[in-house]
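Residue numbers (full-length UniProt numbering): 1 to 151.
Here a beta-carbon is modelled for each residue, glycine too, at the ideal position from N, C-alpha and C.
No experiment lies behind these values; they were computed from the predicted model shown.
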């Protein structure tokens, strides 16, 4: 992940967590109030390309929401899997409040630091989180071992 992607995930982390909670809650119900049409309405022609079954359409809509939830979960796990990289107390505090959705100004007032200082700390956090796998495909070893091959 590059620095810009990490920055965007940090910025969006709080609402993605809230969105996952709300989406899961909304998907608990089985689509009450959906009934098939009976009588004359059932015999009328349906528009081309759209199924007339409301239950099937609800299933499709919910499946799309599951895809969104999984996309958010992937992004969130990028940050959660790398939290161990942040060891400095100030950085940990700033990271905590960023993940809670607080603004730089709020964090600065809370910690007694300037807005620009909070941004510098955030940049340091982003650097550490982005450096974890930058160009290494998820491994810590970047150099291939040099040894003679049998070929």
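So for residue i, helix, strand or coil by DSSP?
i: residue 122; result: helix
i: residue 143; result: Low confidence applies to residue 143: its pLDDT is 42, below 50, so where it sits in the model is not reliable, and the reading given next is rough at best. In this structure, residue 143 counts as coil in the three-state DSSP scheme.
i: residue 127; result: helix
i: residue 113; result: coil
i: residue 25; result: helix
i: residue 2; result: coil
i: residue 12; result: helix
Here's a check: name, in chain order, each residue in its chain whose Cβ is nearer than 6 Å to the Cβ of residue i, leaving out the five neighbours to either side.
i: residue 95; result: 86, 125
Taking all protein chains shown into account, decide if residue i is buried (16 or more other Cβ within 10 angstroms of its Cβ) or exposed.
i: residue 121; result: buried
i: residue 98; result: buried
i: residue 108; result: buried
i: residue 72; result: buried
i: residue 84; result: exposed
i: residue 13; result: buried
i: residue 9; result: buried
Expressed to the nearest angstrom, what Euclidean distance is found between the alpha-carbon atoms of residue i and residue j?
i: residue 17; j: residue 53; result: 33 Å
i: residue 102; j: residue 60; result: 35 Å
i: residue 22; j: residue 80; result: 20 Å
i: residue 128; j: residue 117; result: 17 Å
i: residue 7; j: residue 75; result: 11 Å
Leaving out five residues on either side along the sequence, give the residues of the same chain with a beta carbon under 7 Å from the beta carbon of residue i.
i: residue 115; result: 104, 105, 108
i: residue 19; result: 72
i: residue 27; result: 62, 65
i: residue 90; result: 121
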